[in-house]
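Undergrad: Just dropping this structure here.
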Amino acid sequence: MGFKLKYRRIGTFMIDMAIVQMFAMVGRDIYLGVIAYISDGTGMTLSLNDRIALPALLLLFIGLMLLFIGVFMGYQWICYRLLGTSLSRYLLSVQVVSTDDKPLTKQRYLKREFNKIYLCVATLGLYPLYSGAQYLAFSNPPKHDRTNHTTVVEG
1 MGFKLKYRRI GTFMIDMAIV QMFAMVGRDI YLGVIAYISD GTGMTLSLND
51 RIALPALLLL FIGLMLLFIG VFMGYQWICY RLLGTSLSRY LLSVQVVSTD
101 DKPLTKQRYL KREFNKIYLC VATLGLYPLY SGAQYLAFSN PPKHDRTNHT
151 TVVEG
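Heads up: the sequence shown begins at 1 in the UniProt record's numbering, then just goes up one per residue.
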């Protein structure tokens with residue numbers, strides 16, 4: 001595979017991510033609006049000093065990651081039904097190639113796209129979840145915040 005084709009394929013993935021991000025923003029706003037509506041109706045308040053704040057934020061973060069994966073897969077399914085490939089690959093004339101000699105069916109195509117987005121989102125989202133879980137379970141401060149010398153203030 002030549003460098004030009006390799007960068008084109010990466011570019012198509014980034015274009016697809018940008019398109020999905022636009023749709024996911026709408027879904028995110030609806031998701032957060034529903035959560036705000038539910039929390040207002042129950043009279044429950046959430047402050048950053050509560051013990052439930054960090055688990056609630058982690059659950060919110062996981063929900064947002066799952067929402068993004070769902071929107072991406074929905075976008076890929078619609079594009080495959082209408083174009084036979086994603087919109088960016090169609091516009092940039094990049095062919096979807098199979099690593100083996102088997103034909104690329106809808107199930108194989110969607111499985112490949114799911115693996116791409118799942119690994120991408122899981123890689124980006126795993127560290128905040130890990131840091132939050134470490135802080136929640138063992139009171140370990142995040143490892144990335146060495147420049148500001150994060151300390152845990154008890155009180």
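A virtual CB, placed ideally from N, CA and C, is assigned to each residue, including glycine.
Spatial neighbours of V27 within its chain, please: C-beta separation below 7 Å, excluding the five flanking residues on both sides.
TA: What you label residue 27 is simply residue 27 of the sequence shown in a count that begins at 1. Inspection of the sequence shows that residue 27 is occupied by Gly rather than by Val. Excluding residues within five positions, the ones whose Cβ falls inside 7 Å are L67 and V71.
Undergrad: Pair every Cβ in the region 122-129 with every Cβ in the region 48-67, then say whether three or more of these pairs are closer than 8 Å.
TA: yes
Undergrad: Report the rounded CA-to-CA distance for K4 versus F13, giving the unit in angstroms.
TA: Locating residue 4 in the sequence shown gives position 4, where the first residue counts as 1. Locating residue 13 in the sequence shown gives position 13, where the first residue counts as 1. Between K4 and F13, the C-alpha separation is close to 14 Å.
Undergrad: Touching or not, the region 82-90 and the region 29-43, by the rule of three or more beta carbon pairs under 8 Å?
TA: no
Undergrad: Nearest-angstrom Cα distance between Y75 and Y7?
TA: Mapped onto the sequence shown, residue 75 falls at position 75. Mapped onto the sequence shown, residue 7 falls at position 7. For Y75 and Y7, the distance between alpha carbons rounds to 22 Å.
Undergrad: Would you kindly work out how many angstroms separate the C-alpha atoms of R112 and S131, rounded to a whole number?
TA: The residue labelled residue 112 in the question sits at position 112 within the sequence shown. The residue labelled residue 131 in the question sits at position 131 within the sequence shown. Distance between the alpha carbons of R112 and S131 is about 29 Å.
Undergrad: Just the Cα atoms here: how many angstroms apart are A133 and F61?
TA: One-based indexing of the sequence shown puts residue 133 at position 133. One-based indexing of the sequence shown puts residue 61 at position 61. Roughly 12 Å between the two C-alpha positions.
Undergrad: So is T51 buried or exposed if we call it buried at 16+ other beta carbons inside 10 Å?
TA: Stepping through the sequence shown from its first residue, residue 51 is reached at position 51. As written in the sequence, residue 51 is Arg, which differs from the Thr given in the question. Exposed.
Undergrad: Closest to A56 by C-alpha separation, out of I78, K102, L129 and L110, would be which residue?
TA: Locating residue 56 in the sequence shown gives position 56, where the first residue counts as 1. Proximity to A56 across I78, K102, L129 and L110 peaks at L129, based on C-alpha coordinates.
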